[in-house]
Amino acid sequence: MDRTSQWVSSPDIPADLLIRIADDVFPLLKGVMVPKCGYIRKAVAAARGGATATVDLDLSALPGGADAFDKAARYCYGANFEISVRNAAALLCAAAFLDMHPTDGGLARRVEEFLAKVGLRTLPGAVAVLRSCEGLLPAAEEIGVVQRSADAIALRICNEVLFPTRSPPEWWTAELAALSPASFHKVITALRCRRAEPEVLVAAATAYAELLLAEVLAADGHAADHSGMHRALVESVVAVLPSTDDAPLPAAFLCRLLHVAITICASAKTCRDLELRVAAVLDQATAGDLLTVALDSAGERVQNVDTVRRIITAFVERDSAASSGGANGRSRRASLSGAGALQGGGGAMQTVAKTVDEVAAEIATEESLPISKFVGLAGAVPKEARATHDCLYRAVDIYLKAHPALEEMEREKVCSVMDPLKLSYQGRLHASQNNRLPLQAVLSALYYDQLKLRSGDEGGGGWDAYGNGVMRSSAAGSARKQAKEEASLARENEALRSELARMRAYVSGMQQQSKGSSSSRGKKGSWLRTLSRLNPFKAGIWGKDTSGIVDGKMDAMNSVKSKRRRFSIS
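Going by our numbering, the final residue of the sequence shown carries number 579, and the count climbs one at a time with no gaps.
Okay, structure coming up:
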């Protein structure tokens, strides 16, 4: 301000215009400022005291403050001043506020030329211009310099992605960390308008959040004295992240951000937004990512099981809505092509089910974990989404082992999340010998084994490694059926031969004990009658019981009147 007083003051012409901006005072001349500033011209015309009176104006509302007015006054006096990327936006706002628009364009024209030729030609320069606009709102938006800067940044990013000029290729992501969340949101909007690839949006959002929240993520919510500042920063960053439909962010990054938001007690809206974002990419998450959300800030105790359950529920609802929404279209395409409808999203659901089973097994060791929370987490995924329940059975067994004092009803509730019929053979074998399981689960496993054996004896069907029924080929089924029949026939023939040998020995003994009252023909008829009664083929079955005949008496056998039949014994 001292320098300003030196080049505007003259001992011959005293100052007749005083401009006050906050604590700064500019002594100026009306004859210099009035022709080039419409705002000052109107204020002087409305002032009282005549043309020779000193006019005192308060311009504290001028965008850019005293520094911007100093350069504007230098322009009016014809003095030299510097235009840079840091003050270009302020000079435009000051020129618009002071109505400095003479026929030659005035100060605004000179600043516009600078921006077009220098300021917005590079990415760092455009970022600096946009950052300088953050303290000039809403004046900077009204004159359009904010939108121009955001568009210039988006254009430079797209060009850099297509034709990298530096190494590493994504060096430009670090430049965006200097922007506020509101300015970053404008850049993301400009990128979407330019049809930028989702990978570009993801790289920009991830790098921006990690750089801007580096202190928050490192502190992990432990710094209580900065929790208010961290909370506001996290909420503002989450609010400007690109939508899931435009660019789904990495699951690991979102889980970390959600963990920090929960730790610093961010707003319910922020936490719910992050939960839905995680649910949209849950099939890409690992068990470690979900455990990051479930554990407390120290990473030792299970604390946020309900949050994980809500994420899984949101994923299931989203997958069901997508499947039902695309069912009609798939059916139409299948009818036109003659093929069956494809299963939509089944692979993602199975992946999530496996991840949930791993998380349930990890948190099952927590002694203070209630049954309701364990069942709610493990049962959030439908049972039919799992091809096998072995991993879920492992989680249930770990929970029962960590909580040995559970009663029978409580153990049945824990086991209600799994289906014993969908265990593999090894799983059913282990379950049938597991004394920690309730009796109902053990009986279900045993019953399934019996059902499997019976179904296997019928032929034409079988069971895969997970216990699921599958159809064998007709040729293989016929061959196995014939082999079984031949083996059964061989066993029957062996039994018949043994039975016939025993009967022959029995008849031989009876012949030796018979007395000579009967003729040789009568003996032969008696022997034939006895043999006909003992014939195993008479009743059409091979397993006929002959113990009664062995224990009977000879008189009872002779009392039966023989019929006139011919027997052929070979």
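Built from N, CA and C at the ideal position, the CB exists for glycine as well.
Can you give the Cα-Cα distance for A275 and V243, rounded to whole angstroms?
-> Against the sequence shown, residue 275 aligns to sequence position 266. Against the sequence shown, residue 243 aligns to sequence position 234. Rounded to whole angstroms, A275 to V243 spans 8 Å at the Cα level.
Three or more beta-carbon pairs under 8 Å between the stretch 58 to 78 and the stretch 113 to 124, yes or no?
-> no
Integer Cβ distance of R140 from S93, believed to fall under 8 Å = Within the sequence shown, numbered from 1, the residue matching residue 140 stands at position 131. Within the sequence shown, numbered from 1, the residue matching residue 93 stands at position 84. Their Cβ separation, rounded to whole angstroms, is 13 Å, which puts R140 and S93 out of contact at 8 Å.
What is the DSSP secondary structure of W16, counted as helix, strand or coil?
-> The count along the sequence shown starts at 1 and reaches residue 16 at position 7. Note that W16 has pLDDT 47, beneath the 50 cutoff, so the model's placement of it is unreliable and no number is given.
Between S441 and chain D, is there a C-beta pair that is closer than 8 Å?
-> The structure shown contains no chain D; it is built from a single protein chain.
Among Q312, G308, L258 and A362, which one has its Cα closest to the Cα of A289?
-> In the sequence shown, counting from the first residue as 1, residue 289 sits at position 280. A289 has its Cα closest to that of L258, out of Q312, G308, L258 and A362.
By a C-beta neighbour count over all protein chains shown, 10 Å radius and 16 as the cutoff for buried, is I22 buried or exposed?
-> Position 13 of the sequence shown, counted from the start, is the residue given in the question as residue 22. Classification of I22: exposed, given that the 10 Å Cβ count is below 16.
7 Å CB neighbourhood of L220 in its chain, flanking five on each side removed = Within the sequence shown, residue 220 is the residue found at index 211, counting from 1. So the qualifying residues of the chain are A183 and A186.
Per DSSP, which residues does V155 bridge with? Please list them.
-> Within the sequence shown, the letter at position 146 stands for residue 155. BP columns for V155 are empty, so no partner.
In or out: A55 buried (at least 16 other Cβ within 10 Å) or exposed?
-> Here residue 55 refers to the residue found at position 46 of the sequence shown. So A55 counts as exposed.
Count the other CB atoms within 10 Å of the CB of V196; is the residue buried (16 or more) or exposed (fewer)?
-> The sequence position of residue 196 within the sequence shown is 187, counting from 1. With 16 or more Cβ atoms within 10 Å of its Cβ, V196 is classed as buried.
In terms of alpha-carbon separation, which member of C400, Y408, E376 and A394 lies closest to V384?
-> Working through the sequence shown from its first residue, we reach residue 384 at position 375. Considering only alpha carbons, the answer is Y408.
Starting from the C-beta of L145, find all residues in its chain whose C-beta is less than 7 Å away, skip the five residues before and the five after it, and write them out in chain order.
-> For the purposes of this step, residue 145 is identified with residue 136 of the sequence shown, where counting begins at 1. Hits under 7 Å: P72, G73, A98, A99 and C102.
Out of curiosity, what's the CA-to-CA distance linking I271 and L452?
-> Working through the sequence shown from its first residue, we reach residue 271 at position 262. Working through the sequence shown from its first residue, we reach residue 452 at position 443. Distance between the alpha carbons of I271 and L452 is about 44 Å.
Which residue comes first and which comes last in the alpha helix (DSSP H) that contains R281?
-> As a position in the sequence shown, residue 281 is number 272, starting the count at 1. Segment A277 to A289, the alpha helix (DSSP H) holding R281.
Which of helix, strand or coil DSSP assigns to D254 | Translated into the one-based positions of the sequence shown, residue 254 becomes position 245. Coil at D254, not helix or strand.
Please state whether DSSP places L71 in a helix, a strand or coil.
-> Mapped onto the sequence shown, residue 71 falls at position 62. Here L71 sits in coil by DSSP.
Can you tell me which of H412, Q435, E419 and K363 puts its alpha carbon nearest to the alpha carbon of L401?
-> Mapped onto the sequence shown, residue 401 falls at position 392. Of the candidates H412, Q435, E419 and K363, the one whose C-alpha sits nearest the C-alpha of L401 is K363.
First through last residue of the beta strand (DSSP E) which encompasses L37 | As a first step, residue 37 is located in the sequence shown; it is residue number 28 there, counting from the start. Its beta strand (DSSP E) spans residues D33 to L37.
I49 - containing alpha helix (DSSP H), residue span | Your numbering for residue 49 matches position 40 in the sequence shown. It spans G47 to A55 - the alpha helix (DSSP H) in which I49 sits, taken as one unbroken run.
Proximity below 8 Å, CB of L299 to CB of C264 | Position 290 of the sequence shown, counted from the start, is the residue given in the question as residue 299. Position 255 of the sequence shown, counted from the start, is the residue given in the question as residue 264. Contact: yes.
Grab the span of the beta strand (DSSP E) containing L26 for me, first residue to last.
-> Sequence index remark: in the sequence shown, residue 26 carries index 17 (1-based). Its beta strand (DSSP E) spans residues L26 to I30.
Exposed or buried, E375, counting other C-beta atoms within 10 Å across all chains shown (16 or more means buried)?
-> Within the sequence shown, the letter at position 366 stands for residue 375. By the 10 Å Cβ count, E375 comes out buried.
From A148 to R95, what distance separates their C-alpha atoms?
-> In the sequence shown, counting from the first residue as 1, residue 148 sits at position 139. In the sequence shown, counting from the first residue as 1, residue 95 sits at position 86. Their backbone Cα atoms lie some 16 Å apart in a straight line.
S381 - containing alpha helix (DSSP H), residue span = Residue 381 sits at position 372 when you count from the first residue of the sequence shown. Per DSSP, S381 belongs to the alpha helix (DSSP H) from I380 to A387.
For P391 versus V311, is the C-beta distance shorter than 8 Å?
-> In the sequence shown, counting from the first residue as 1, residue 391 sits at position 382. In the sequence shown, counting from the first residue as 1, residue 311 sits at position 302. Going by C-beta atoms, P391 is not nearer than 8 Å to V311.
How many angstroms separate the CA atom of S158 from the CA atom of R203?
-> Counting from one through the sequence shown, the residue named residue 158 turns up at place 149. Counting from one through the sequence shown, the residue named residue 203 turns up at place 194. S158 and R203: Cα-Cα distance of roughly 14 Å.
Going by other Cβ atoms of all chains shown within 10 Å of its Cβ, with 16 needed for buried, is P133 buried or exposed?
-> Here residue 133 corresponds to residue number 124 of the sequence shown, with the count starting at 1. P133 comes out exposed.
Return the CA-CA distance between V246 and V269, expressed in angstroms with no decimal places.
-> Here residue 246 refers to the residue found at position 237 when the sequence shown is read from its first residue. Here residue 269 refers to the residue found at position 260 when the sequence shown is read from its first residue. About 12 Å.
Hey, how far is the Cα of C85 from the Cα of W181?
-> Counted from its first residue, the sequence shown places residue 85 at position 76. Counted from its first residue, the sequence shown places residue 181 at position 172. C-alpha separation (whole angstroms): 39 Å.
In three-state DSSP terms, what is V127?
-> Taking the sequence shown and counting its residues from 1, the one referred to as residue 127 is at position 118. Helix at V127.
What does V311 pair with, by DSSP beta-bridge criteria?
-> Translated into positions along the sequence shown, residue 311 becomes position 302. Partner(s): L304.
If you draw a straight line from the C-alpha of G153 to the C-alpha of R130, how long is it?
-> On the sequence shown, residue 153 is found 144 positions in, with the first residue counted as 1. On the sequence shown, residue 130 is found 121 positions in, with the first residue counted as 1. So the alpha carbons of these two residues sit roughly 17 Å apart.
Can you tell me the Cα-Cα spacing of V4 and R165, whole angstroms?
-> Residue numbering for the chain in the displayed model covers 10 to 579; residue 4 lies beyond these limits and cannot be assessed.
Within 8 Å, strictly: CB atoms of L283 and L267 = As a working note, residue 283 is residue 274 in the sequence shown. As a working note, residue 267 is residue 258 in the sequence shown. Yes, the pair counts as a contact, with Cβ atoms nearer than the cut-off.
Using the beta-carbon count (16 or more within 10 Å), is D366 buried or exposed?
-> Here residue 366 refers to the residue found at position 357 when the sequence shown is read from its first residue. The residue is buried, with at least 16 neighbouring Cβ atoms inside 10 Å.
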